[in-house]
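There are 2 protein chains.
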Amino acid sequence: MITFSVFKKSKKSNARIGVIKTPHGEVETPAFVGVATQATIKTLTSAEALQTGLQALIANTYHLHIRPGEDTVKKNGGLHTFMQWDRPLMTDSGGFQVFSLGFGKDYGTGKILKKRSDAVIQKGAQPQKVKITEDGVEFRSYVDGSKLFLGPKESMRIQEKLGADIILAFDECTSPLADYEYNKHAMEKTHRWADMCIKAKQSKQALYGIVQGGKHKDLRQESAHFMASREFQGYGIGGEFGDNKSIMQKMLRWTLAELQENKPRHLLGIGHLSDIELVIKEGVDTFDCIAPTHYARHGYAFISKGQGTRKKEKAAEFEKLDLNNKKYKNDLGSLDKNCECFVCNTYTRSYLHHLIRAYEITPLRLLTFHNLHFFNEYVDNIKNRIKKGDV
Amino acid sequence: MITFSVFKKSKKSNARIGVIKTPHGEVETPAFVGVATQATIKTLTSAEALQTGLQALIANTYHLHIRPGEDTVKKNGGLHTFMQWDRPLMTDSGGFQVFSLGFGKDYGTGKILKKRSDAVIQKGAQPQKVKITEDGVEFRSYVDGSKLFLGPKESMRIQEKLGADIILAFDECTSPLADYEYNKHAMEKTHRWADMCIKAKQSKQALYGIVQGGKHKDLRQESAHFMASREFQGYGIGGEFGDNKSIMQKMLRWTLAELQENKPRHLLGIGHLSDIELVIKEGVDTFDCIAPTHYARHGYAFISKGQGTRKKEKAAEFEKLDLNNKKYKNDLGSLDKNCECFVCNTYTRSYLHHLIRAYEITPLRLLTFHNLHFFNEYVDNIKNRIKKGDV
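If you're matching them up, the sequences are chains A and B in order. Each residue of the first sequence is one higher than the last, beginning at 0 in numbering that gives the first Met the number 0. Each residue of the second sequence is one higher than the last, beginning at 0 in numbering that gives the first Met the number 0.
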């Protein structure tokens, strides 16, 4: 089980300072949650993940079910022991993969999606590679092609074996191309599945209900209202959030207003630096995003803007450094003058640039470490400003 | 400059215990030297390289000349500062690349070579991609296709800018397919180049002369005799060593007998576990090999044989574990019960197997760390047995 306490609410926004207590320690919120899909933060060890300032990680039920399988994880003593992370841990339910491996495969996700946005997914439509039924979702394993079925009961059973502190109800995450009727139908199914998850769960793990409803105000409100009426220990907010930050802000406002204030809210898969202050101001407590780790593996570092002039207590500003760029060949400065992580304390940009151009593996780790450290400092900065009454 | 002292000579073999003192600390010999071609041990940081027990690293003149260039390294304060390795450091001369990018490209190296061993490289022959002249070697950069020329003077100038403690004379490393006349001619050129290196060197770095001569006893003896007659601070033994360990042993015996006893001998590119005791027994002080790092990146771990029964003081035995293999899926044991590295102290084989099967980057680091630790322990074990008079 977990407990959640809110210590301070902002007077300027819906931001709040709190703490989630879990059997594996505390998460001071707001907090960035590190993405450990395959039971590791890509390129790092769990000990290093901790050193970056991460307080909690989120692993993936779908991927760990396929490989190595929840039984193997359980034999290892559960996910905490398996990956040697003795801190708060979440698992998502597999609901996102209903989208990413379903309509996401057919129409693309993110930027690719926009190119094909003339498609409309109507009620009753089925993606090519997965089959969504009233009971759950039929997948094929990408490892051996075998048939897999994931529904609320299966997701609970798997997540119980994985043994994270916080588990998520199984939901259908819809595509941005789905129309109103599709979203309404999927949401209603997600609500039925939420009740089935509550009923199926036998462990003492904390269970979060997932709010869906696409970009539709009435559906989001209905979904949040539904989740708030059930015995969940917290809430996940899933699905899409419209085409721009202003729409995302409104949607979060509609949604979070319906949820119980004394329970933590996790925003699923959102957390680019440009989103973080906005979502915290709307009252989101935790959120996860692959941006810091993904960009690191492509040679990008997030650093504070206007190196040397930025004041830490002011609104945090950032820029993205492309270390592939030749202009860093002889740059003897550290990645970020304002950063005190070991990477910035140890190496020149010149060395990091060299390693990236030489296709070495070492710099992928170094940038991952720095970026996560930067994200966590970035959130800490906002937290401090909430404490001071500035946010 | 360096100094070298021999503390103990074995009565059972030509093995010896010594210490090389450099401006960046000491190397207790015999010692495995870590390969840091591009100014990093692949996947690791220099701090971790030190934790594995490595005492010295060897970086590559040819590769660092091409990218990032010795001027960039010098601007960073030299190779030690660039890569944050404050310990003994060697650079090889680029002579190996005369082979690996020359006849090595045309006829293959290692196992591939054997398939085409009907070819004979005769005196006067030229490889397709590099041109070997009396003054040096013309290459093309693999980065931008530009022409490069590397000869004894150029190699010295580059190695001086890189600033390693020990630098190597520029030589021609011959292909195993080269005939006697080719080897004789190349060796004589290598000798002329050795004198040119001594003359060209302006720094206080220690310079090693490289013994060549292919698999021919008279050439090896002549080459060793030549190098011993010159003012070198130590010796590298390069080129090929025949088709089996018995021939390698004989060749080392012929060669090392001609060298000055009070100077360190580095065996270039040899150091599989099965070679190590043999070469140490012949009087080799240091040696480098990519085996521990290369195999790690392919999912292999070197571990002590007969887990749990091996006695550390007995002749070290080992086996190679293929962690890609499904049989480790539920293996809750550590990589090596007899190993005290952090990887063996932290993770199960089951977890490492999972990460490898999931194509994660993290396990490549973990296996690299363990393998280097294992190699260093392996050498330490032999060192202790020499001290006890058992080797």
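Yeah, the Cβ is synthetic: ideal placement off N, Cα and C, and Gly gets one too.
| Query | Result |
| --- | --- |
| What in chain A is Cβ-close to R356/B, meaning under 7 Å? | R66 |
| Chain A partners of K328/B, CB-CB under 9 Å? | P67, G68, T71 |
| Less than 8 Å between C-beta atoms, sequence neighbours within five positions excluded: which residues of the same chain meet that for L331/A? | T347, R348, S349 |
| At which residues does the beta strand (DSSP E) containing K8/A begin and terminate? | 2-8 |
| Compare the C-beta of E359/A against all C-beta atoms of chain D and say whether one is closer than 7 Å. | Protein chains A and B are contained in the structure displayed, whereas chain D is not. |
| Contact defined as beta carbons within less than 8 Å: I believe A168/B pairs with G213/B. What is the distance between those atoms, to the nearest angstrom? | With 8 Å as the limit, A168/B and G213/B do not qualify as a contact, their Cβ atoms being about 17 Å apart. |
| Helix or strand or just coil, what does DSSP make of K20/A? | strand |
| For the region 40-51 of chain A, list every residue whose C-beta sits within 7 Å of some C-beta in chain B, in sequence order. | K41, T42, L43, T44 |
| Does DSSP put Y397/A in a helix, a strand or coil? | Because chain A here runs from 0 to 390, residue 397/A falls outside it and cannot be looked at. |
| Does Q37/B get closer than 7 Å to chain A when you measure Cβ to Cβ? | yes |
| Hey, could you find the ends of the alpha helix (DSSP H) F231/A is sitting in? | Counting along the chain, F231/A falls outside any alpha helix (DSSP H), and DSSP gives it neither H nor E. |
| Classify A185/A: buried if its beta carbon has 16 or more other beta carbons within 10 angstroms, exposed otherwise. | buried |
| Should E153/A go down as buried or exposed, given a rule of 16 or more other Cβ atoms within 10 Å for buried? | buried |
| Which value, in whole angstroms, describes the spacing of the CA atoms of M247/B and K146/B? | 36 Å |
| Of all the options K200/B, D143/B, F98/B, which has the alpha carbon lying nearest to the alpha carbon of I166/B? | K200/B |
| Quick one: residues in its chain with C-beta nearer than 8 Å to the C-beta of E316/B, no 5 flanking neighbours on either side, listed in chain order? | S303, K304, G305, R309 |
| Assuming D391/A contacts I57/A under a Cβ cut-off of 8 Å, what Cβ separation, rounded to an integer in Å, is found between them? | Summary: the structure shown does not reach residue 391/A, with chain A confined to residues 0 through 390, and so no result is reported for it. |
| Determine the burial state of K10/A: buried for a count of at least 16 other Cβ atoms within 10 Å of its Cβ, exposed for fewer. | exposed |
| Along the region 70-92 of chain A, where does the CB come closer than 9 Å to a CB of chain B? Name the residues. | D70, T71, V72, K74, N75, G76, T80, F81, M82, Q83 |
| In chain order, what residues of the same chain have a beta carbon less than 6 Å from the beta carbon of Y32/A, not counting five sequence neighbours either side? | Before going on, a small fix: residue 32/A reads as Val here, not Tyr. The answer, listed in chain order, is A55, I57, T285, D287. |
| Just to confirm, are A193/A and G208/A a CB contact at a threshold of 7 Å? | yes |
| Would DSSP call A48/B helix, strand or coil? | helix |
| Would S349/A pass as an interface residue toward chain B - the criterion being a Cβ-Cβ separation below 7 Å? | yes |
| Can you give me the Cβ contacts of G298/A inside the same chain, cut-off strictly under 6 Å, excluding the 5 residues immediately before and after it? | L322, N323, I355 |
| Less than 7 Å between the C-beta atoms of P263/A and F374/A, yes or no? | no |
| Looking at I157/A and H64/A, is the spacing between their C-beta atoms short of 7 Å? | yes |
| Closer than 8 Å by beta-carbon distance: list the chain A residues that pair up with Y346/B, in chain order. | Q83 |
| Can you check whether the C-beta of H372/B is within less than 7 Å of a C-beta belonging to chain A? | no |
| Hey, could you find the ends of the beta strand (DSSP E) F169/B is sitting in? | Here F169/B belongs to no beta strand (DSSP E), and DSSP marks it neither H nor E. |
| Can a CB atom of chain A be found closer than 7 Å to the CB of H271/B? | no |
| Identify which residue in Q220/B, T44/B, F225/B, L266/B has its Cα closest to the Cα of G237/B. | L266/B |
| Check the Cβ of L331/B against every Cβ in chain A and list those closer than 7 Å, keeping chain order. | K74, N75 |
| I need the DSSP call for T308/A, collapsed to helix, strand or coil. | Only weak support is given to the placement of T308/A: the predicted model assigns it a pLDDT of 44, under 50, and the question is left unresolved by the model. |
| Consider the Cβ of H353/B: report whether some Cβ of chain A lies at a distance smaller than 7 Å. | yes |
| On the DSSP bridge assignment, give the partners of T285/B in chain order. | A30/B, H265/B |
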